[in-house]
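The listed protein sequences correspond, in order, to chains B and W. Mind the numbering: the first sequence is residues 1 to 118 in the numbering used here, read in order. Mind the numbering: the second sequence is residues 119 to 229 in the numbering used here, read in order. Report on the following structure.
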Amino acid sequence: GAVVSQHPSWVICKSGTSVKIECRSLDFQATTMFWYRQFPKQSLMLMATSNEGSKATYEQGVEKDKFLINHASLTLSTLTVTSAHPEDSSFYICSARDISRGQNQPQHFGDGTRLSIL
Amino acid sequence: DAKTTQPPSMDCAEGRAANLPCNHSTISGNEYVYWYRQIHSQGPQYIIHGLKNNETNEMASLIITEDRKSSTLILPHATLRDTAVYYCIVRVGIGNEKLTFGTGTRLTIIP
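Next comes the structure, spelled out in structure tokens:
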């Protein structure tokens, strides 16, 4: 089945640094990937749609200069949290789906990246 | 995408069938019902989806009412590892790929 991998699974860094999170589709190609954020005891909130070969589409209220998305190949999207601050601490999750199997195929999610900014 | 309503929490005894309801009274004819679950500190896991017919796979069964305004996810023999938050999501199958997560149902399996 479709597998999505995220790396790293956990990262702690100092305030002001930038952190890059990778999302890979391991056994399929994905022209579109999605990035979500989840705060403790809350549901997942979509941040942005990553499009291979073009600019990402950001949801309302998400700063595109803060959360840089690059989808340079059909199997890799990266999310870079720039100049991270403690309020950026969250659980970041990506998803993708294998449309080669049909248009109503489900999204599959990575295991998430827990980001803690000190 | 149509909005869904789920009970915030449910308990189920280990070994029994867990029946999780979802109301989606404003669903459109071309919208699918998807179920995901999220075990603590992990990404959501796809369970099952359907359009109007009942569906079954190795994980669960999905029962959709004839008017499609509600559905029930059935875990036939719940185990402790089924403790998770279960999300019912309705979305158009073709075109819009976004998933909008509600608050889901926190299912606790009791030993």
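Where a beta carbon is used, it is the ideal one built from N, C-alpha and C, also for glycine.
Counted within 10 angstroms of its Cβ, other Cβ atoms place residue i as buried (16 or more) or exposed
i	result
Phe67(B)	buried
Ile166(W)	buried
Thr174(W)	exposed
Val3(B)	exposed
Trp35(B)	buried
Gly112(B)	buried
Gly222(W)	buried
Ala135(W)	exposed
His108(B)	buried
Contact with chain W by residue i, beta-carbon distance below 7 Å
i	result
Ser77(B)	no
Gly61(B)	no
Phe109(B)	yes
Gly112(B)	yes
Ser25(B)	no
Pro106(B)	yes
Ser100(B)	no
Ser73(B)	no
Ile93(B)	yes
Leu44(B)	yes
Short CB-CB distance (under 7 Å) between residue i and chain B
i	result
Leu217(W)	yes
Thr221(W)	yes
**Meets three-Cβ-pair contact criterion under 8 Å: the segment 96–110 of chain B and the segment 21–28 of chain B** = yes
**Request:** Below 9 Å between beta carbons is the criterion; list the residues of the segment 138–164 of chain W that meet it against any residue of chain B, in chain order.
**Result:** Tyr150, Tyr152, Tyr154, Gln156, Ser159, Gln160, Gly161, Pro162, Gln163 and Tyr164
**Request:** Give, in chain order, every residue of the segment 183–206 of chain W whose Cβ lies closer than 7 Å to some Cβ of chain B.
**Result:** Taking 7 Å as the Cβ-Cβ cut-off against chain B, none of the residues of the segment 183–206 of chain W qualify.
**Message:** Suppose only complete runs of 4+ residues qualify. What are the alpha helix (DSSP H) ranges in the segment 15–49 of chain B, listed by chain order?
**Reply:** Complete alpha helix (DSSP H) runs here, min 4: none at all.
**Inside the segment 169–206 of chain W only - alpha helix (DSSP H) runs reaching at least 4 residues** = none
**Message:** Closer than 8 Å is the cut-off here; do at least three beta carbon pairs connect the segment 144–152 of chain W with the segment 32–51 of chain B?
**Reply:** no
**Asked** Are three or more beta carbon pairs between the segment 126–135 of chain W and the segment 51–65 of chain B nearer than 8 Å?
**Response** no
**Message:** Which complete beta strand (DSSP E) runs does the segment 123–167 of chain W hold, if anything under 3 residues is left out?
**Reply:** The qualifying runs are 127–131, 136–141 and 149–156.
**Request:** Give a yes or no on contact between the segment 137–148 of chain W and the segment 170–187 of chain W, applying the rule of three or more CB pairs nearer than 8 Å.
**Result:** yes
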